[in-house]
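Here the protein sequences line up with chains S and B, keeping their order.
The first sequence begins at 182 in my numbering and counts up one residue at a time.
The second sequence begins at 182 in my numbering and counts up one residue at a time.
Idealized CB from N, CA, C, for every residue including glycine.
This one's a predicted model, so the numbers in the text were calculated from it and none came from an experiment.
Before any comments, here is the structure.
Protein chains: 2
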Amino acid sequence: MLEIRHLKSLKAIAETGKLGLAAERVFLTQSALSHQIRALETHYNIVLFKRSYAGLRFTPAGQRLLDLANELLPLIEQSERDLIRLKSDQSGELRIVLECHTCFDWLTPVMDAFRRAWPEVEVDLVAGFHSDPWHLLHAGKADVVIGGLPEKIKDLQHLALFKFEIMAVLPPDHALRNKSRLLAADFANETLITYPVPEARIDIIRQVLQPANIHFNRRTAELTIAIMQLVASRRGIAALPSWGIQNYVEHDYVIAKHIGTSGLWSELYAIGTSEMMVRPYAKDLARIIRDVCAENLKGIKLLESKQINL
Amino acid sequence: MLEIRHLKSLKAIAETGKLGLAAERVFLTQSALSHQIRALETHYNIVLFKRSYAGLRFTPAGQRLLDLANELLPLIEQSERDLIRLKSDQSGELRIVLECHTCFDWLTPVMDAFRRAWPEVEVDLVAGFHSDPWHLLHAGKADVVIGGLPEKIKDLQHLALFKFEIMAVLPPDHALRNKSRLLAADFANETLITYPVPEARIDIIRQVLQPANIHFNRRTAELTIAIMQLVASRRGIAALPSWGIQNYVEHDYVIAKHIGTSGLWSELYAIGTSEMMVRPYAKDLARIIRDVCAENLKGIKLLESKQINL
DNA sequence: TGTTAAATTTGAATTAAATTCATATATGAA
DNA sequence: TTCATATATGAATTTAATTCAAATTTAACA
Chain S
182 MLEIRHLKSL KAIAETGKLG LAAERVFLTQ SALSHQIRAL ETHYNIVLFK RSYAGLRFTP
242 AGQRLLDLAN ELLPLIEQSE RDLIRLKSDQ SGELRIVLEC HTCFDWLTPV MDAFRRAWPE
302 VEVDLVAGFH SDPWHLLHAG KADVVIGGLP EKIKDLQHLA LFKFEIMAVL PPDHALRNKS
362 RLLAADFANE TLITYPVPEA RIDIIRQVLQ PANIHFNRRT AELTIAIMQL VASRRGIAAL
422 PSWGIQNYVE HDYVIAKHIG TSGLWSELYA IGTSEMMVRP YAKDLARIIR DVCAENLKGI
482 KLLESKQINL
Chain B
182 MLEIRHLKSL KAIAETGKLG LAAERVFLTQ SALSHQIRAL ETHYNIVLFK RSYAGLRFTP
242 AGQRLLDLAN ELLPLIEQSE RDLIRLKSDQ SGELRIVLEC HTCFDWLTPV MDAFRRAWPE
302 VEVDLVAGFH SDPWHLLHAG KADVVIGGLP EKIKDLQHLA LFKFEIMAVL PPDHALRNKS
362 RLLAADFANE TLITYPVPEA RIDIIRQVLQ PANIHFNRRT AELTIAIMQL VASRRGIAAL
422 PSWGIQNYVE HDYVIAKHIG TSGLWSELYA IGTSEMMVRP YAKDLARIIR DVCAENLKGI
482 KLLESKQINL
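Here is the structure:
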């Protein structure tokens, strides 16, 4: 009766707190997940969640099954990796380049998990700034780029990771503080504080401001914390991933606003040459990134990818 | 893709060595199991078993998944018990009586497993010989009888355990050594060596010899080893569970024969008052017996019981 | 070297289970 | 009260698992 799929659902519910979001994460409808959980509750004749407007809260019984999920799922994944190893030698190397600045936030736990899963693979982070990271793949200087899809993906393959919302960050007393969302025009003549990368690589500029032909000033800073300080001291506004600014918003250091009518979302992929991306450990890097980020980053949405078959 | 049901199937295959027997054990057809395993192999693109006339042998990949099963299934069962505990206090006592002599062979590992699973339940074995063990239930002297179903099961409930074959045991040079199976007439004027219990409680007498009106002599011994010694030294023949005589047969100390045209099978149940048998820990005793015996006793067949819902 | 018995495999038909769709219901905030 | 945001429900549908009825495969044995 209890199946692994139930455990995965419980984990998704724990991560998102909401049935609807959890359903997205396991690629089911909200209704399907509701039926699934209900079936479990009926089978064991016990309530697993306290339902409320604000979402689901685990009861002790629900928590017990969640604990089981957290215990079992990693063991299962490790077994699946071992099956791959039994098929053939899986040693190799994996040089990762990050296209996105903020990705450094979660890369450390990802690399830790990866090293534990694939001790025989030599994994490295390619250091330094690169204006065209995808080019490093063809040049043989890197194996995987974590970032958006490049224009021309000749000879490259990608695995979908997740998407996240980029939100505008303002000082708490900014004139726009009462709007629920900022439109392109709201940025006119503002100072936009960004990482020091080309305009083409900054989503809000490429997708919002440039199409609307908005004039704005620009100022750069290397570190997220520096950008936040500049915003808080009213030197300008920024646009950053929702999960990177959470702490600052919670402490009323800055406020965050959606951008555009439906929000500005950015998608992340693991990109590499075809030869690299068929390797089980490269596919597993994508799976690990998805898992680690799903667990740690609030508000992200996993991109559909059928499933990553090692 | 991989589900707990697959792990249970793998465990059953490991225990029985044959797809057909494993299928019985998980209450599926042999075909269904074949499809199930094939689906796993296709999914992971790896061979899990070496098939042969003699049954299935695990490949390293199959073994890896079997290891996973052996790691996960106990954790799952423990979680299910914990769910019960969360519903209500489950302390109590459980006094077990054995109707069958040979059951002592496997009772120790069962009681160990039970104590681990239900530390708050006081479990005891009711000592001494009882000509009518079921009577102890109504008399309040015992909580569960492990044995066959009594004639009148007034106010009693039972949970099915398993059935096993009772085989005739002969000295290796016995005149009947070349028959593949013994019929009732073959016992005429032989000496039957049994445990010291009433004739009505001895299956071969009640079900085979008495109906055929065969005359035989009888001699008793307390211990299985004593019975085997008597058989080996040509003092008579015995009828014992197939799993209890394995060692002796393997060492050519005695030989074993099927009894009757389709074998003589005996069924075992856990029997108790209705109030007792609804308790989760009583139901779980039955589950534990089934599990432990399935794992350790060759040639038994689990009785259908839908499933034991704690 | 057939023959047979005891296995597993296969593919189509069937059955059962999971999922979706469309809608209802519940909850707390405004 | 109404609205926005959740979860629940039941019927229809889709998908997956299982059975049924052969077809193979394999090794032992005559």
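Excluding residues up to 5 positions away in sequence, LEU373 lie with their Cβ nearer than 6 Å to the Cβ of B:ARG399 in the same chain. Per DSSP, the unbroken alpha helix (DSSP H) holding B:GLN217 starts and ends at 211-225.
The three-state reading of DSSP puts S:PHE295 in helix, counting H, G and I together.
Annotation for B:THR240: no beta strand (DSSP E) segment contains it, and DSSP assigns it neither H nor E. Pairing S:PHE343 with B:LEU229, the inter-Cα distance amounts to about 34 Å. Proximity of S:PRO241 to chain B, defined by a Cβ-Cβ separation below 7 Å, is satisfied.
In this structure, the beta-carbon distance from B:ASP384 to B:SER447 falls below 7 Å. C-alpha of S:ASP313 to C-alpha of S:ILE395: approximately 26 Å in a straight line.
By the neighbour-count criterion, in which 16 or more other beta carbons inside 10 Å mark a residue as buried, S:SER190 falls on the buried side. Cβ-Cβ distances below 7 Å link S:LYS482 to GLU205, PHE343 and LYS344 in the same chain, with the five nearest sequence neighbours on each side left out; the list follows chain order.
Note that the C-beta distance between B:TRP315 and B:VAL307 is not below 7 Å. Fully enclosed beta strand (DSSP E) runs of no fewer than 3 residues occupy 273-279 and 302-306 of the stretch 271-326 of chain S, in order along the chain. C-alpha of S:LEU363 to C-alpha of S:GLY441: approximately 6 Å in a straight line. For B:ARG206, there are no neighbours in chain S by C-beta distance under 9 Å, as the nearest C-beta there is about 17 Å away. Annotation for S:MET409: the continuous alpha helix (DSSP H) segment containing it runs 405-413. Nearest CB-CB separation between B:ILE277 and chain S: not below the 7 Å threshold.
Look at B:SER260: its C-beta is under 7 Å from a C-beta on chain S. Comparing C-alpha distances from B:ALA369 to each of B:PRO377, B:VAL412 and B:GLY417 shows the shortest one belongs to B:GLY417. Excluding the 5 residues flanking it on each side, B:THR375 has same chain C-beta neighbours closer than 6 Å at ILE383 and THR401, in chain order. Any Cβ of chain B closer than 7 Å to the Cβ of S:GLU184 would place that residue at the interface, and such an atom is present.
Cβ atoms of B:ARG276 and B:ALA323 come within 8 Å of each other, at about 5 Å. In this structure, the straight-line span from the alpha carbon of S:ASN226 to that of S:LYS192 is close to 20 Å.
In the DSSP assignment, S:HIS339 forms a beta bridge with S:ILE452. Residue state for B:SER361 is assigned as coil, using DSSP reduced to three classes.
For S:THR197, the uninterrupted alpha helix (DSSP H) run begins and ends at 185-197, by DSSP. Using a CB distance below 7 Å, the part of the stretch 218-252 of chain B facing chain S consists of TYR225, ILE227, PRO241, ALA242, ARG245, LEU246, LEU249 and GLU252, ordered along the chain. Distance from S:ARG296 to S:VAL304 at the Cβ level is roughly 6 Å; contact confirmed, criterion being Cβ atoms closer than 8 Å.
The bridge partners DSSP lists for S:MET182 come to none. The alpha-carbon of B:PRO379 is positioned some 10 Å away from that of B:ILE386. Residue pairing by DSSP places B:GLU346 opposite B:TRP446 in a beta bridge. Contact annotation for B:ASP263 against chain S: ARG245 [CB-CB distance below 7 Å, chain order]. At a cut-off of 7 Å between beta carbons, S:LEU342 makes no contact with chain B. With respect to S:ILE436, S:PRO353 sits close: the two C-beta atoms are nearer than 7 Å. Contact between the stretch 242-261 of chain B and the stretch 277-286 of chain B is absent, with fewer than three C-beta pairs closer than 8 Å. Residue contact with chain S for B:LEU483: absent (no Cβ-Cβ distance below 7 Å to any residue of chain S).
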